[in-house]
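Comments concern the structure below.
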Amino acid sequence: MAETHYVAYPAILDDTENDPGTYTVTFPDVPGAISQGFGIPEALANGAEALELMLYDEKQLPAASDLSAVKADNPEAIVSYIMIDLIAAAKKVKLPVIRKNTTIPVDLAEKAEEAGINFSATLTEALKEKLFYSQLESRFNDGLGDLIHSDEVIESNQVDNPFSSFSDKELFE
2 MAETHYVAYP
12 AILDDTENDP
22 GTYTVTFPDV
32 PGAISQGFGI
42 PEALANGAEA
52 LELMLYDEKQ
62 LPAASDLSAV
72 KADNPEAIVS
82 YIMIDLIAAA
92 KKVKLPVIRK
102 NTTIPVDLAE
112 KAEEAGINFS
122 ATLTEALKEK
132 LFYSQLESRF
142 NDGLGDLIHS
152 DEVIESNQVD
162 NPFSSFSDKE
172 LFE
């Protein structure tokens, strides 16, 4: 049986600002998911697609609002759950890729092949990790105060830094 991961979110189908029968579809719990359609079936299908594109790769999904509360807040609109399968949605999304040749030691290549390691996936994971740590390094070098998102200003010397005894070279090499 195919693996699935179904989620459902309340959708608001509203035609008050459009020609009659043309619905704008929004999701109160997923603000970036917006679509429209002519007629309810098309609006629901397009809304599902917008929801899929917003959520297919999210690690932390937003909580779904109570349908009756959304209906109460939107008495002039049609409010309905739209259900999607996140696994099927992820399979439909095609990210552009580029072919890159690389050179690695023979013994490493042989061991990786024996272990059944996918070279493209491994290189992609390594690049993502390298870029992530590169961003962390630049933020760290700019000062810890820049990492605090608050109205309260905290100077980097006020923060107990467990890495303060290491040089940049030791931390990031």
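Residues in the sequence shown are numbered from 2 upward in steps of one, following my numbering. For glycine and all other residues, C-beta sits at the position ideal for the given N, C-alpha and C.
Cut-off 6 Å between Cβ atoms - residues of its own chain near residue i, not counting five sequence neighbours on either side
i	result
residue 72	80
residue 162	Caution applies to residue 162, whose pLDDT of 48 falls short of 50 and renders its modelled position unreliable; the value that the coordinates give is listed next. So no residue of the chain qualifies.
residue 53	85, 90
residue 167	Unreliable positioning characterises residue 167 in this predicted model, as indicated by a pLDDT of 48, which lies under 50. A coordinate reading is not provided.
residue 113	none
residue 49	83, 85
residue 44	14, 24, 26, 38
Limits of the alpha helix (DSSP H) - the one that residue i falls within
i	result
residue 71	68-74
residue 91	87-93
residue 107	107-115
First and last residue of the uninterrupted beta strand (DSSP E) at residue i
i	result
residue 48	No beta strand (DSSP E) contains residue 48, which is instead part of the alpha helix (DSSP H) from 41-56.
residue 14	7-15
residue 26	23-27
For residue i, the nearest candidate out of the options (CA to CA)
i	options	result
residue 40	123, 16, 10	16
residue 98	87, 104, 82, 124	124
residue 102	88, 37, 120	120
residue 51	60, 87, 19	87
Pair within 9 Å by beta-carbon distance, residue i and residue j
i	j	result
residue 56	residue 26	no
residue 11	residue 82	yes
residue 8	residue 58	no
residue 13	residue 65	no
residue 23	residue 38	yes
residue 36	residue 19	no
Contacting residues, own chain, Cβ-Cβ under 8 Å from residue i (five flanking each side not counted)
i	result
residue 6	86, 87, 88
residue 158	Confidence at residue 158 is low in this model, with a pLDDT of 47, below 50, so the placement of that residue is unreliable and no value is reported for it.
Contacting residues, own chain, Cβ-Cβ under 7 Å from residue i (five flanking each side not counted)
i	result
residue 63	30, 31
residue 3	none
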